[in-house]
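Protein chains: 2
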Amino acid sequence: MSNQAARRTRSLSADKRAAILAGAKRVFLRDGFAAGSVDAVAAEAGVGKQTVYRHFGSKDALVEALVVGMCEAIDWSAPPDASSDPRATLRRELNAFVLGLSTPGSVQLYRAIIGEAGRQPEFARLFFEAGPKVIRSRVASVLCGELPDSEASEAAAILVNLALGDAYLELVLGITPPDPKRFERQIDAALELVLPSR
Amino acid sequence: MSNQAARRTRSLSADKRAAILAGAKRVFLRDGFAAGSVDAVAAEAGVGKQTVYRHFGSKDALVEALVVGMCEAIDWSAPPDASSDPRATLRRELNAFVLGLSTPGSVQLYRAIIGEAGRQPEFARLFFEAGPKVIRSRVASVLCGELPDSEASEAAAILVNLALGDAYLELVLGITPPDPKRFERQIDAALELVLPSR
DNA sequence: GTCTATATTGAGATAGAC
DNA sequence: GTCTATCTCAATATAGAC
């Protein structure tokens, strides 16, 4: 009967979809959402343009699928550790965060999100909720053991800000290349300021 | 002879030029450098499109003139004061900085600069040199009287970062509206951390 | 379901009237 | 020097072959 082809009435190739999204990532993060073209995405993905439209319907929908997918894939947290030293835990956590955010893909996504924030507030919110907000609360939860709850939230915000510090603004602006050592120094200085060792 | 018309061989109307730049500012900061059109600029400025091209030659040149002009016009510094209290001076200086950077025009310029940083590094550098870098050194020069020179530069960077804090990221992302009181609280907390009052 | 060829719109840039 | 009308090309989206 129809047991073979029954449920594949509208089945599109998952491989092609992934290839298109990969192409879209390269094109749109390099050229920007406005200047990047569907033609370029199709060429980059090695598929016909019509295939892109079959899968996503429009350029806007493709861009949205890309941004949503990248935001959902964000995971800048450090794996859990057995150590009970909160300073060491915070150092690992903050380090994983800045490294994740320093990735070329993350920097390009960050630029694109900021650049479109005035026109696409949903993208900005999605990114904020998936990234900075998560890190803040992870850091705050560690700090709750060390500081009064009333101070933990504010201290977490300070730590996260200082961990990024100047280095991140300069990285996003393309002034200086990524420098893990510089981030480590910023993190150590931040920890010393918020949780003095003596 | 030619003494009347001699030197106006290539004189264009300064009024029109200013009107075009004002229109370009509205259009490009609202729609982005890529999506904003010269037609829209001409309409916004109330001139013909050809006039735009007579004055600037190309869309790229127009965008560059706009960005350069806005960066050169940046002045987020506080006026000098007679007070000799470095904490009060720093508070005024940092407050003027965050207020200047919170202006709708500044936020939109910041977004556009970040969004194009991967493709237009010169714009990013121009902005950085005219804005953040200037504030850093102003703050550092005040701190030189309070801290060893070796620490003043780093402390200045920390102060500037904490003055912007979470509030600025959320403002740029369009998550929260501008809130001068929140900035003031961030500045006070930052000063207390870097220059404890007791 | 995927590709090639095409319709249509819009934007950058220019020619010519005044 | 400024505007109106136009050229040209690129990009979104679609139609039809396989």
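For the record, the sequence lines run as chains A and B. Letter by letter, the first sequence follows residues 1 to 198 in full-length UniProt numbering. Letter by letter, the second sequence follows residues 1 to 198 in full-length UniProt numbering. Idealized CB from N, CA, C, for every residue including glycine.
Helix, strand or coil, according to DSSP, for residue i in the structure here?
i: A:P178; result: coil
i: B:C144; result: coil
i: A:I74; result: coil
i: B:T89; result: helix
i: B:S11; result: coil
i: A:S197; result: coil
i: B:D81; result: coil
i: B:G46; result: coil
i: A:F183; result: helix
Within a Cβ cutoff of 7 Å, which residues of the same chain sit near residue i, ignoring the five residues on either side of it in sequence?
i: A:T89; result: D81, S83, V142
i: B:E170; result: T176
i: A:S153; result: A140
i: B:K49; result: V38, D39, A42
i: B:E44; result: G23, R26, V27
i: A:G165; result: Q186
i: A:R111; result: V172
i: A:R136; result: A156, A157, V160
i: B:V59; result: Position check: residue 59 of chain B holds Lys in this sequence, whereas Val was assumed. Closer than 7 Å at Cβ, skipping near neighbours: V38.
i: B:E192; result: none
From this set, the options, which residue's C-alpha is nearest residue i's C-alpha?
i: B:R30; options: A:L173, A:G115, A:V41, A:T51; result: A:G115
i: A:A130; options: A:E184, A:V68, A:G48, A:Q120; result: A:V68
i: A:L147; options: A:Q50, A:P86, A:I113, A:Y168; result: A:P86
i: A:C144; options: A:L162, A:A156, A:K133; result: A:A156
i: B:L159; options: B:E184, B:F128, B:G105, B:V194; result: B:V194
i: B:S179; options: B:P104, B:G46, B:E64; result: The question names Ser, but residue 179 of chain B in the sequence shown is Asp. Of the candidates B:P104, B:G46, B:E64, the one whose C-alpha sits nearest the C-alpha of B:D179 is B:P104.
i: A:L109; options: A:S13, A:L162, A:V38, A:V172; result: A:V172
i: A:S106; options: A:Y168, A:V47, A:K181; result: A:Y168
i: B:Q120; options: B:E64, B:E44, B:R136; result: B:E64
i: B:E151; options: A:R182, A:A189, A:F183, A:E151; result: A:A189
i: B:K181; options: B:D60, B:P196, B:P132, B:A163; result: B:A163
Enumerate in chain order the residues of its own chain whose CB-to-CB distance from residue i is below 8 Å, with the five nearest sequence positions on each side excluded.
i: A:G174; result: none
i: A:R138; result: S77, E93
i: A:V41; result: I20, G23, A24, V27, F28, V52, L62
i: A:G118; result: none
What span of residues does the alpha helix (DSSP H) with residue i cover, start to end?
i: A:F128; result: 121-130
i: A:G23; result: 14-31
i: A:V52; result: 49-56
i: B:G105; result: 104-116
i: B:S153; result: 149-172
i: residue 206 of chain B; result: Chain B is shown from 1 up to 198; residue 206 of chain B falls before or after that span and cannot be answered.
Only counting the same chain, and skipping five residues up and downstream in sequence, which positions put a Cβ closer than 6 Å to that of residue i?
i: B:E113; result: Note that residue 113 of chain B corresponds to Ile in the displayed sequence, not to Glu. Result list for B:I113: F123, A124, F127, in chain order.
i: B:S11; result: none
i: A:P196; result: none
i: B:M70; result: L109
i: A:P79; result: none
Discussion item. Under 8 Å: do the stretch 91-100 of chain B and the stretch 25-36 of chain B share three or more Cβ pairs, one atom per stretch?
Written reply: With the rule of 3 Cβ pairs closer than 8 Å, the stretch 91-100 of chain B does not count as touching the stretch 25-36 of chain B.
Worksheet item: Are the stretch 97-112 of chain A and the stretch 71-81 of chain A touching by the rule of at least three beta carbon pairs closer than 8 Å?
Response: The stretch 97-112 of chain A is in contact with the stretch 71-81 of chain A.
Practice prompt. Assess, as a yes-or-no matter, whether the stretch 17-31 of chain B is touched by the stretch 50-67 of chain B under the definition of 3 or more beta carbon pairs within less than 8 Å.
Written response: Yes, the stretch 50-67 of chain B is in contact with the stretch 17-31 of chain B.
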